[in-house]
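Participant: Read top to bottom, the protein sequences are chains Z and G. Mapping to the working numbering: the first sequence position 323 is 323, numbers consecutive. Mapping to the working numbering: the second sequence position 299 is 299, numbers consecutive.
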Amino acid sequence: MKRLSVPVLLLVLFAVLMGLAWFEVIDVYLQTILLFMGINVIISSSLNLVNGNMGEFSCGHAGFIAVGAYVSSVLSVALFTKSRVFGAPLLPPEWAAFGFPVILIIGGLAAALTGLLVAIPSFRTRDDYLAIITIAANYIIITTIINIDKIGGARGFMGMRRVIFAMEDFAGIPWMILWVFIFMVLTLVIIRRYMSSTYGKGVEAIRQDEVAAEIMSVNTNRVKLITFMLSSGLAGIAGGLYAHAVGYVNPKSFDLLKSTEALVMVYLGGMGSLTGSILSAVLFTLLLELLRPLQIIKWVAIPLLLIIIMQFRPEGIMGHRELSDIFPKLKKFYKFK
Amino acid sequence: MDTLFQNLLNALQWGSFYSLIALGYTLVYGVLRLINFAHGDIVMVGAYIAFFIASALLGVYGGIPALPGWVVLALTIPITMVLTSVVGVTLERIAYRPLRRKGANRLYVVITALMAGLILENGNLLLLGASRKKFPELIDKVVYQFGPVSVTNLKIGVILTSILSFVILHMIITRTKAGMAMRAISYDKFAVPLMGIPIDQIIVFTFILGSSMAGLAGILFALSYPILDPYMGISIGWKAFIAAVVGGIGDIRGAFAGGFILGITEIMVVAFFPSSYRDLISFTILLLILTVKPTGLFGMPKTTKI
Chain Z
1 MKRLSVPVLL
11 LVLFAVLMGL
21 AWFEVIDVYL
31 QTILLFMGIN
41 VIISSSLNLV
51 NGNMGEFSCG
61 HAGFIAVGAY
71 VSSVLSVALF
81 TKSRVFGAPL
91 LPPEWAAFGF
101 PVILIIGGLA
111 AALTGLLVAI
121 PSFRTRDDYL
131 AIITIAANYI
141 IITTIINIDK
151 IGGARGFMGM
161 RRVIFAMEDF
171 AGIPWMILWV
181 FIFMVLTLVI
191 IRRYMSSTYG
201 KGVEAIRQDE
211 VAAEIMSVNT
221 NRVKLITFML
231 SSGLAGIAGG
241 LYAHAVGYVN
251 PKSFDLLKST
261 EALVMVYLGG
271 MGSLTGSILS
281 AVLFTLLLEL
291 LRPLQIIKWV
301 AIPLLLIIIM
311 QFRPEGIMGH
321 RELSDIFPKL
331 KKFYKFK
Chain G
1 MDTLFQNLLN
11 ALQWGSFYSL
21 IALGYTLVYG
31 VLRLINFAHG
41 DIVMVGAYIA
51 FFIASALLGV
61 YGGIPALPGW
71 VVLALTIPIT
81 MVLTSVVGVT
91 LERIAYRPLR
101 RKGANRLYVV
111 ITALMAGLIL
121 ENGNLLLLGA
131 SRKKFPELID
141 KVVYQFGPVS
151 VTNLKIGVIL
161 TSILSFVILH
171 MIITRTKAGM
181 AMRAISYDKF
191 AVPLMGIPID
201 QIIVFTFILG
211 SSMAGLAGIL
221 FALSYPILDP
231 YMGISIGWKA
241 FIAAVVGGIG
251 DIRGAFAGGF
261 ILGITEIMVV
271 AFFPSSYRDL
281 ISFTILLLIL
291 TVKPTGLFGM
301 PKTTKI
């Protein structure tokens, strides 16, 4: 029974959220915040895989989010809606409800392939040189998107709302909350499974000492390749969800500022701590929304707050520990390793 | 051919900015192994400080006639460099040193630097408002014609200043005791305090050097492109960091060369392709350089012990 407690808890949470959204107890604004929380959890936990667990310093995560966002929104708009750019829908719009997750996964795969842009140079280059490659990759992705005029270029791309409407015509349930929740849980399960597998041990070994790991027969290139692709693929899924939750994407919204946000979430939570990155993603999203009335002061207050937090807890909130390390009784319900 | 020379001159000017900023990055990195991501914003702060000082000096007070432009410029440059280095050192004392003392992972210091940069940008926006500032014209523009190629005195000044400051920095690092201490810290951080070298003073000295270079870059940038806004430091800062790494971070020759390589690539791309391809092509070239030489142009591969 105890083994099932986490799935049951998740199911209850899911049912409550869906119910609240269905009976419109929480308005659209609150729903959007919840969506962003879920998306940010995916972003921070996927970046944590590279920056926290593997110990590399990747600061171009937003590039992969952009690839996922664009690929999935172009596909869903072309397939399920009538648009000026792509003409009549290629598939019946009712299929959107089932086609949407497939499209998200395709977006994730595209982002994972773009991850090769970083993964292959990472075989030879180390720490700060790799950081530069990720920044350059972010720039390259953004400028490539700006130069493709078909998908709007610098003007951005829209029309994803109509995909959501098409899904709601099929059945009137809060679809975005459904998909964000499912993909968030899926991401966390994948990352947890990955980190407790043999590859995960390899990732930990690379963080501690790459040369020693290689001598101890860890195939470092293979582990790096898989980890980078997994991380960027999950970021791509988060991008697809983000694009459909907002209904509009612009290359400018995936620049280095977005990457900085992702970095902040990872290091605020604590490097290599999965529960830490969940916690910090939720807290960070809440903080952004709570301080919204301050307008421009917000962007001074939040960095200041983070600097102060760093001064008092220089290892992040959790600091390379999981929740179950701090409260050992939780281990009965939720075994991490 | 003429356009090539003309573009090359423009590229040298553009590269000078990158070089000056990259020098600041690489100095701090060489000593502390810290990517000081706030550096681009320190350049912005330098430009704003220069703007206020130049405007204050140009004003007419009482019966005293206004100072001529070149005197104002000659006064603005040192004052700005001093004030900008005060900003840099303050940042080091408030944000970086406590973290270093606590022995935090160096990536947390990097995040703190990113946050400090955001505070500088948005604090500026908050204090001064969103209106852009027009930098006053301090020296009269003189255009020299060499056949079909034309050069302004400002352009020559910028290029010469950057070369001169590189030479001076190189002298400081290779010839003086402080420079020797800086090299020693980057060689072995743990043995240096045992030799009686005051490590904190040397770090403050490094920040003074780096931030005054940033201040200088800020003035020159404001003179060449006289519109100031709070976000002007972001993209030039990131790109200068990339230039420093391509040159081989931690080595000032590398930073200097890397800045010019990035500047020349960017201007040449804009000269022959649509300008929206600038970042795409120049960063692809830089990626290729890093793929061929993973430690940058001047960087030495290090042997690590296990």
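C-beta atoms are modelled at their ideal positions from N, C-alpha and C, and glycine is treated no differently. Source: prediction; values computed, not measured.
For a test of the three-state rule: what should DSSP assign to Tyr248 (chain Z), helix, strand or coil?
Facilitator: Locating residue 248 (chain Z) in the first sequence gives position 248, counting from the first residue. It is a strand residue.
Participant: Determine whether the Cβ of Pro251 (chain Z) lies closer than 8 Å to any Cβ atom of chain G.
Facilitator: The residue you call residue 251 (chain Z) lines up with position 251 of the first sequence. Output row for Pro251 (chain Z): interface = no.
Participant: Report yes or no: is there a C-beta of chain G within less than 8 Å of the C-beta of Asn48 (chain Z)?
Facilitator: Here residue 48 (chain Z) refers to the residue found at position 48 when the first sequence is read from its first residue. Not closer than 8 Å to any Cβ of chain G, the Cβ of Asn48 (chain Z) fails to qualify, so no.
Participant: Interface residues of chain G around Ile146 (chain Z) at Cβ under 7 Å?
Facilitator: Reading the first sequence from its first residue, position 146 is the one you call residue 146 (chain Z). Ser276, listed in chain order.
Participant: How would you label Glu315 (chain Z), buried or exposed, when you count the other beta carbons within 10 angstroms and need 16 or more for buried?
Facilitator: Residue numbering aside, residue 315 (chain Z) sits at position 315 when the first sequence is read from its first letter. Buried, because 16 or more other Cβ atoms sit within 10 Å of the Cβ of Glu315 (chain Z).
Participant: With DSSP run on the structure shown, which of helix, strand or coil describes Ser83 (chain Z)?
Facilitator: Along the first sequence, one-based indexing puts residue 83 (chain Z) at 83. Strand.
Participant: Measuring alpha carbon to alpha carbon, tell me which of G:Val72, G:Ile119, G:Ala243 ends up nearest Ala50 (chain G).
Facilitator: Mapped onto the second sequence, residue 50 (chain G) falls at position 50. Comparing Cα positions, the closest option is G:Val72.
Participant: Does the CB of Lys337 (chain Z) have a neighbour CB from chain G at under 8 Å?
Facilitator: For this step, residue 337 (chain Z) is matched to residue 337 along the first sequence. Its pLDDT being 43, under 50, Lys337 (chain Z) is placed unreliably in this model, and the value from its coordinates should be taken loosely. No, because no Cβ of chain G sits closer than 8 Å to the Cβ of Lys337 (chain Z).
Participant: Looking only at C-alpha atoms, which of G:Glu92, G:Asp2, G:Leu58 sits nearest to Ser211 (chain G)?
Facilitator: For the purposes of this step, residue 211 (chain G) is taken as residue 211 along the second sequence, with counting starting at 1. The shortest C-alpha separation from Ser211 (chain G) is found at G:Glu92.
Participant: Assuming Ser72 (chain Z) and Gly240 (chain Z) form a contact by the criterion Cβ under 8 Å, report the distance between their Cβ atoms to the nearest whole angstrom.
Facilitator: Position 72 of the first sequence, counted from the start, is the residue given in the question as residue 72 (chain Z). Position 240 of the first sequence, counted from the start, is the residue given in the question as residue 240 (chain Z). With 8 Å as the limit, Ser72 (chain Z) and Gly240 (chain Z) qualify as a contact, their Cβ atoms being about 3 Å apart.
Participant: Can you confirm whether Asp128 (chain Z), when its beta carbon is compared against all beta carbons of chain G, has any partner nearer than 8 Å?
Facilitator: In the first sequence, the residue the question calls residue 128 (chain Z) occupies position 128. Chain G, which has a Cβ nearer than 8 Å to the Cβ of Asp128 (chain Z), makes this yes.
Participant: Using a Cβ-Cβ cut-off of 8 Å, state whether Ala214 (chain G) counts as contacting chain C.
Facilitator: The structure shown contains no chain C; its protein chains are Z and G.
Participant: Can you give the beta carbon distance from Ala95 (chain G) to Thr112 (chain G), rounded, assuming they're within the 8 Å contact cut?
Facilitator: Your numbering for residue 95 (chain G) matches position 95 in the second sequence. Your numbering for residue 112 (chain G) matches position 112 in the second sequence. The Cβ separation is near 5 Å, so the contact holds.
Participant: Select from the region 292-314 of chain Z all residues with a C-beta closer than 7 Å to any C-beta belonging to chain G, and list them in chain order.
Facilitator: Cβ contacts with chain G come from Ile296, Ile297, Trp299, Val300, Pro303, Leu304, Leu306, Ile307, Met310, Gln311, Pro314.
Participant: Along the chain, where does the alpha helix (DSSP H) that runs through Ser235 (chain G) open and close?
Facilitator: Stepping through the second sequence from its first residue, residue 235 (chain G) is reached at position 235. Taken as a continuous stretch (DSSP letters only), the alpha helix (DSSP H) holding Ser235 (chain G) covers 232-247.
Participant: Taking 6 Å as the limit between beta carbons, can you name the residues of its chain near Val109 (chain G), skipping five residues before and five after?
Facilitator: Your numbering for residue 109 (chain G) matches position 109 in the second sequence. These residues qualify, in order along the chain: Leu34, Tyr96, Leu99.
Participant: Interface residues of chain G around Phe57 (chain Z) at Cβ under 8 Å?
Facilitator: Taking the first residue of the first sequence as position 1, residue 57 (chain Z) is located at position 57. Leu107, Val110, listed in chain order.
Participant: Evaluate Gln13 (chain G) with the Cβ neighbour count: other Cβ atoms within 10 Å of its Cβ, from every protein chain shown; 16 or more gives buried, anything less gives exposed.
Facilitator: Translated into the one-based positions of the second sequence, residue 13 (chain G) becomes position 13. Result: buried.
Participant: Cα-Cα, which of G:Ser186, G:Phe256, G:Leu120, G:Lys189 is closest to Ala47 (chain G)?
Facilitator: Taking the second sequence and counting its residues from 1, the one referred to as residue 47 (chain G) is at position 47. Answer by Cα proximity: G:Leu120.
Participant: Give me the chain G residues within the contact set of Met271 (chain Z), using Cβ-Cβ distance strictly less than 9 Å, ordered along the chain.
Facilitator: Here the question's residue 271 (chain Z) lines up with position 271 in the first sequence. The answer, in chain order, is Asn105, Leu107, Tyr108.
Participant: For chain G, find out if any of its Cβ atoms is closer than 8 Å to the Cβ of Arg155 (chain Z); answer yes or no.
Facilitator: Here residue 155 (chain Z) refers to the residue found at position 155 when the first sequence is read from its first residue. Not one chain G Cβ lies under 8 Å of Arg155 (chain Z).
Participant: Work out the CA separation of Gln145 (chain G) and Val50 (chain Z) for me, nearest whole Å.
Facilitator: Within the first sequence, residue 50 (chain Z) is the residue found at index 50, counting from 1. Within the second sequence, residue 145 (chain G) is the residue found at index 145, counting from 1. The alpha-carbon atoms of Val50 (chain Z) and Gln145 (chain G) are separated by roughly 54 Å.
Participant: Taking the straight line between their C-alpha atoms, what separation do you get for Val163 (chain Z) and Ala96 (chain Z)?
Facilitator: As a working mapping, residue 163 (chain Z) is identified with position 163 in the first sequence. As a working mapping, residue 96 (chain Z) is identified with position 96 in the first sequence. Each residue's alpha carbon lies about 7 Å from the other.
Participant: Any heavy atom of the ligand PLP closer than 7 Å to the CB of Leu91 (chain G)?
Facilitator: Although the ligand PLP was asked about, the structure shown includes no ligands whatsoever.
Participant: Between Ile296 (chain Z) and Leu125 (chain G), which are expected to be in contact by the criterion C-beta below 8 Å, what is the C-beta distance as a whole number of angstroms?
Facilitator: Translated into positions along the first sequence, residue 296 (chain Z) becomes position 296. Translated into positions along the second sequence, residue 125 (chain G) becomes position 125. So it is a contact: roughly 6 Å between Cβ atoms.
Participant: Cβ closer than 9 Å: which chain Z residues qualify as neighbours of Pro230 (chain G)?
Facilitator: Within the second sequence, numbered from 1, the residue matching residue 230 (chain G) stands at position 230. The contacting residues do not exist; Pro230 (chain G) stays about 10 Å from chain Z at best.
Participant: Check whether the region 156-176 of chain G and the region 244-251 of chain G touch, using three or more Cβ-Cβ pairs below 8 Å as the test.
Facilitator: Because the criterion of three Cβ pairs below 8 Å is not met, the region 156-176 of chain G and the region 244-251 of chain G do not touch.
Participant: Can you tell me whether DSSP reads Leu228 (chain G) as helix, strand or coil?
Facilitator: Within the second sequence, numbered from 1, the residue matching residue 228 (chain G) stands at position 228. Looking at Leu228 (chain G) - three-state DSSP - the assignment turns out to be strand.
Participant: What residues of chain Z sit near Trp238 (chain G), judged by a beta carbon separation below 7 Å?
Facilitator: Stepping through the second sequence from its first residue, residue 238 (chain G) is reached at position 238. Going along chain Z in sequence order, the residues near Trp238 (chain G) (Cβ under 7 Å) are Ile135, Leu256.
Participant: For Ser217 (chain Z), which residues in the same chain have their Cβ closer than 6 Å to its Cβ, ignoring the five residues on either side in sequence?
Facilitator: Taking the first residue of the first sequence as position 1, residue 217 (chain Z) is located at position 217. Once the five neighbours on either side are set aside, Ser217 (chain Z) has no close Cβ partner at all.
Participant: What residue range does the alpha helix (DSSP H) around Ser19 (chain G) cover?
Facilitator: In the second sequence, the residue the question calls residue 19 (chain G) occupies position 19. First-last of the alpha helix (DSSP H) with Ser19 (chain G): 2-32.
Participant: Buried or exposed for Ile133 (chain Z), please, with buried defined as at least 16 other CB atoms from any protein chain shown within 10 angstroms of its CB.
Facilitator: As a working note, residue 133 (chain Z) is residue 133 in the first sequence. So Ile133 (chain Z) counts as buried.
Participant: Compare the C-beta of Val264 (chain Z) with all C-beta atoms of chain G and state if any pair is closer than 8 Å.
Facilitator: In the first sequence, residue 264 (chain Z) corresponds to position 264, counting from 1. True, the Cβ-Cβ gap to chain G drops below 8 Å.
Participant: I want to see whether chain G comes within less than 8 Å of Thr143 (chain Z), judged by CB atoms only; does it?
Facilitator: Stepping through the first sequence from its first residue, residue 143 (chain Z) is reached at position 143. Output row for Thr143 (chain Z): interface = yes.
Participant: Looking only at its chain, what residues have a beta carbon closer than 7 Å to the beta carbon of Lys331 (chain Z), apart from the 5 residues adjacent to it on each side?
Facilitator: Here residue 331 (chain Z) refers to the residue found at position 331 of the first sequence. These residues qualify, in order along the chain: Ser324.
Participant: Helix, strand or coil: which one does DSSP assign to Met180 (chain G)?
Facilitator: Locating residue 180 (chain G) in the second sequence gives position 180, counting from the first residue. Correct three-state label for Met180 (chain G): helix.
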